[in-house]
Structure formats: C-alpha cells, structure tokens
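Here is the structure we will look at, set down as structure tokens.
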C-alpha cells in the first residue's frame, strides 16, 4: 500500500484524478509555491512514483508534464494481488480462459451480493453514492458525476492492477460486479489498461433495471 503522506500524497492523488499535469497546474490546484511543488516532485521522482515527458505547448520551450508510474499505481492496489494473480493464472493454464471467465463471474456475483446487502436506496443516483462510499472503504479512489441522463463512475485506482495487466477478464468482472450491484446496465467505456489515466463506467438513467 502507498506510504507517502502529507503534500506528496496530495500530489499523487491529484495526478490520479486529473492525469498528467505541469508544475504550474499542480501549483494552482494545491495552492503551493513553484519551489515547493518542484521539491515534492523531485522526491516522488526519486521514489520512482512519478515520471515526466517534455511537451511543447504553444510557443517557447517544452514543459515537463508529470504523471504516475506503474509502480505508483501498483502500490495503491490490494496487497493480496500476488495471490490472486497466481490463482487466476493457474486456472487459465489448467482449465482455459473460458473456465477462468466463469470463475470470475461467480466471484463477481458473490461480491455483488455482499455489497447489495449494504445498499439501502432504490433511487439510482443515491444508490450510486452509497456504492461510492463502499468503494472508498475498499481502497478505490473514485468519483461519481452526472451529465444529463448519464451517470459516470471514475475509478482512479484499480483494486486488481497487476492482475488486470495480465488478464483483462478482470475488467469484465468489475463491469459485471457494478452491473449486479446497481441492478442496471453498466458499460466500461475507458480503461487504465488501455493507457487511460482512469477507468470510466457509464450508466444510463433511462435504462431499465435488471
């Protein structure tokens, strides 16, 4: 798990939520001086939690754009991931991917049952807010937003980061889990495993509940 605290933890969470940012953008978001931001960034670079790319934005010299490394994202994942990865690989190798998909489907259903017992509202937006709190307790950094008739779950950390890198079946499991918990269609429209800085799940408020 991530052990960084204080301002450096704020920098990491900001980059989790916003994606790649420059020093000036971080400075404005956190209300810090340029020198303070640069000092924290150097510490995080040294720890291997950040990297950067130099990009040209208009006229002038290229600027550094800072982003999280895979090490940072992995550090925010579940400490039981290595066991989960070993078990999933064993099933894939011995039984094949279809058996692994069936197994993950059963895991998704069991996990969904546990969560549904802790959700009380039948009103979708409020139910989603209750789920948001449960995700937070699970260690998932997430936001909920509504745009028109569509609700969005933005997940900035993956509870199965390393496992999902090896087996995308896990992404299907998370999508299925959310669908079962909320009782309505859920679509994974953007995924960190494809290079996005967050996973985006879309829920139409016009869809009929399952």
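Residue numbers (our numbering): 656 to 865. Glycine included, every Cβ here is placed at the ideal spot set by N, Cα and C. Model, not experiment: these values are computed from the prediction.
- Bounds of the beta strand (DSSP E) holding residue 722 are 718 to 723.
- Residue burial annotation: residue 709 is exposed, with fewer than 16 other C-beta atoms found within 10 angstroms of its C-beta.
- Cβ-Cβ distances below 6 angstroms link residue 835 to 767 in the same chain, with the five nearest sequence neighbours on each side left out; the list follows chain order.
- Between residue 840 and the set 849, 719 and 830, the nearest pair of CA atoms involves 830.
- Fewer than three beta-carbon pairs drawn from the segment 848 to 856 and the segment 769 to 786 are found closer than 8 angstroms, and the two stretches are therefore not classed as touching.
- Bounds of any beta strand (DSSP E) do not take in residue 796, whose DSSP letter is neither H nor E.
- Annotated three-state conformation of residue 770 is helix, per DSSP.
- Residue 727 is a Cβ neighbour of residue 705, given a cutoff of 8 angstroms.
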